[in-house]
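Take the sequence shown: its letters are residues 14 to 226, numbered as in this note's numbering.
Yeah, the Cβ is synthetic: ideal placement off N, Cα and C, and Gly gets one too.
This report refers to the structure that appears directly beneath it.
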Amino acid sequence: MSNKAFDHNFKLVMVGDSATGKSSIITQFTEDEFKEQISPTIGVDFKVKFMTVNKKKVKLTIFDTAGQERFRTLTSSYYRNSHGIILVYDVTRPETFDNLKNWLKECDLYSTFEDCVKLLIGNKIDLKDDRKVTVEQAHNFAKSNNMVYIETSAKTKENVDKAFEEVVYQILNTSNLLESTEPVRNKAQSSDNVNISNTEPNSTDSYGGGCCW
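Here it is in structure tokens:
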């Protein structure tokens with residue numbers, strides 16, 4: 014094993030309305046677990062995950078932000094120096110999809126990196142009978158805003174790992190973002206693909222739900 018702990022250290026921020034499943038997605042990714050009941054995030058929480066993409070060992074620090082309006086002034090500062098921003102909506106609640114335009118405005122206003130990678134997640138696709146937002150609607154929105162679109166279920170873990178792998182892949186292929194993070198050579202630990210997870214404080218929301226561009 015190499016002496017390097019990881020090649021790159023990326024900061025990711027997850028945003029979106031409350032109860033869209035942001036915390037559940039993060040918990041599935043970092044702990045391989047789905048919790049039926051998660052208390053709403055208060056302010057900002059974060060977790061850490063190590064993974065390997067394209068033979069690069071990457072440390073992800075994933076910030077889980079609260080969706081409630083009263084926390085907006087606090088969470089806005091976490092956009093700064095973020096290499097990737099993941100916007101999450103609930104496919105069963107059209108209002109969470111409609112509000113994406115407001116979240117995008119915040120991204121553009123507070124993001125430090127002009128080339129910051131943005132990914133759109135439509136969550137809770139396990140609730141097929143309750144779906145209100147179509148794949149076509151989300152696909153068109155993502156395309157018009159230069160984002161990749163992936164649908165997930167935090168409950169079944171469908172496409173959860175794939176979503177984070179896609180974000181890292183996009184960052185690794187954006188030279189301006191790579192210039193902002195130097196390879197780190199300290200403590201050891203990593204492995205092949207999505208594996209080691211170091212978790213910090215606990216998280217949020219509800220459950221969750223394929224992939225397209």
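With H, G and I counted as helix, E and B as strand and the rest as coil, what does DSSP make of residue i?
i, result
"S31", "coil"
"S188", "helix"
"H152", "helix"
"V146", "coil"
"K168", "coil"
"K48", "coil"
"T43", "helix"
"F177", "helix"
"F126", "coil"
Answer with buried or exposed for residue i, where buried requires no fewer than 16 other C-beta atoms within 10 angstroms of its C-beta.
i, result
"S36", "buried"
"G29", "buried"
"D77", "buried"
"H21", "buried"
"N199", "Because the pLDDT at N199 is just 41, under 50, the model does not fix this residue reliably, and the value given afterwards should be weighed accordingly. Under this definition N199 is an exposed residue."
"K137", "buried"
"M27", "buried"
"D45", "exposed"
"S203", "Here the model assigns S203 a pLDDT of 34, short of 50, so the residue's position is not dependable, and the following value carries that caveat. It counts as buried."
"K114", "exposed"
"E192", "exposed"
"L122", "exposed"
"T65", "buried"
"E149", "exposed"
"T40", "buried"
Rounded C-beta distance between residue i and residue j? I'm assuming under 8 Å.
i, j, result
"C129", "H152", "With a Cβ gap of about 21 Å, C129 and H152 do not count as contacting."
"T139", "S166", "Note that residue 139 corresponds to Asp in the displayed sequence, not to Thr. Contact holds; Cβ gap of about 4 Å."
"V181", "V71", "6 Å"
"V101", "I163", "That belief does not hold up - the Cβ atoms of V101 and I163 are roughly 10 Å apart, past 8 Å."
"T33", "T109", "5 Å"
"K160", "K141", "The sequence given here places Met at residue 160; Lys does not occur at that position. That pair is no contact at about 24 Å."
"F42", "K69", "Incorrect: roughly 18 Å between the Cβ atoms, too far for contact."
For the beta strand (DSSP E) that contains residue i, what are its first and last residues?
i, result
"V71", "69–78"
"D103", "97–103"
"Y162", "161–164"
Could you check where the alpha helix (DSSP H) with residue i kicks off and where it finishes?
i, result
"D121", "113–123"
What are the residues that DSSP puts in a beta bridge with residue i?
i, result
"F59", "F76"
"N136", "D103"
"K131", "I98"
"K12", "Summary: the structure shown does not reach residue 12, with the chain confined to residues 14 through 226, and so no result is reported for it."
"V66", "K69"
Does the Cβ of residue i lie closer than 6 Å to at least one heavy atom of the ligand NAP?
i, result
"K48", "This structure lacks the ligand NAP; in fact it carries no ligand of any kind."
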